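What follows is a set of notes on a single structure, which appears directly below.
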Amino acid sequence: MPELFGHTRAHVGARHALITPDNHVSSSLPGFSGATAVVLVSPAMGARVAQTLVTFQSGGSARVAAGDAQTFGYVMEGAALVAVGSKRRRLKAGGFFYCPAGLEWSLLSPRKGTRVTLFQKAYAPLPGVRAPRAILGDQSRVKGTPFLGDPVANLQVLLPDEPAFDMAVNIFAYQPGGHLPFVEVHIMEHGLVMLSGEGVYRLEDSWYPVRAGDAVWMAPYCAQWFVAMGKVPARYLYYKDVNRAPL
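Okay, structure coming up:
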């Protein structure tokens, strides 16, 4: 009974964080009813992005008014009717949506136990470039490619790599033993959730065992590396900021 001694795998530091399902505490969010929300990453810890896990009861809903924030949502389990502006589609596990800043979105008629991961951030307009469009999609229809030619590491790019988009959301899948080819150090910030499997994440000078359900935050220039371990493939969903000048 490690909880009796205050044991946890969680760590929250100035430049990276790991939060596990055992640490979750729910919050009440405007526009959400019949649902529990766990804010895993936010500006309160120094991040520039918010990452939230929402679990819906039968009859629950989300109705979010238009504002300065853009939202990417990924259905981790269950199904629901999602509307972004005038677009509507019932999304099941693996489905995703993108709502640009200035549009409202809603999630209705969820199956009991539906879980959705949200990434939200303020949009940075690019002069001379039209705002990004709304998207409703499914990761099963997104072709993956070997990362840097490595057949045991597969990358699916869920949002268009176009100047209008200042955020990217991808799925990385590794066969057991697969790993990032080098320790990455870069300007992009990450919010991440493990979808399946397990492995070890190096964050700066610490190594953390991670598994399905764990959330990770990495600040800009946080040294990072991952290796998949165990007997099944490891997959994670992650956000990064893109397509904007550093100044």
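In the working numbering, the protein residues as written are 9 to 255.
Even glycine gets a Cβ: it sits at the ideal position worked out from N, Cα and C.
Treat the numbers as computed from the prediction; the structure is a model and nothing was measured.
{"Item": "Whole-Å CB distance - A70 paired with G39, under 8 Å assumed", "Value": "6 Å"}
{"Item": "L74 versus V150: straight-line alpha-carbon distance, rounded", "Value": "Reading off the sequence shown, one finds Ala at residue 74, where the question assumed Leu. The straight-line gap from Cα to Cα measures roughly 28 Å."}
{"Item": "Supposed close pair G199, Q59 - CB separation, criterion 8 Å", "Value": "4 Å"}
{"Item": "Contact under 8 Å by Cβ, R17 with P171", "Value": "no"}
{"Item": "Rounded C-alpha distance that separates A43 from G68", "Value": "6 Å"}
{"Item": "Sub-8 Å separation of P189 and L211 beta-carbons", "Value": "no"}
{"Item": "Simplified DSSP assignment, three categories, for M53", "Value": "helix"}
{"Item": "Helix, strand or coil at D146 according to DSSP, with G and I counted as helix", "Value": "strand"}
{"Item": "In DSSP terms, what E206 is bridged to", "Value": "R219 and M237"}
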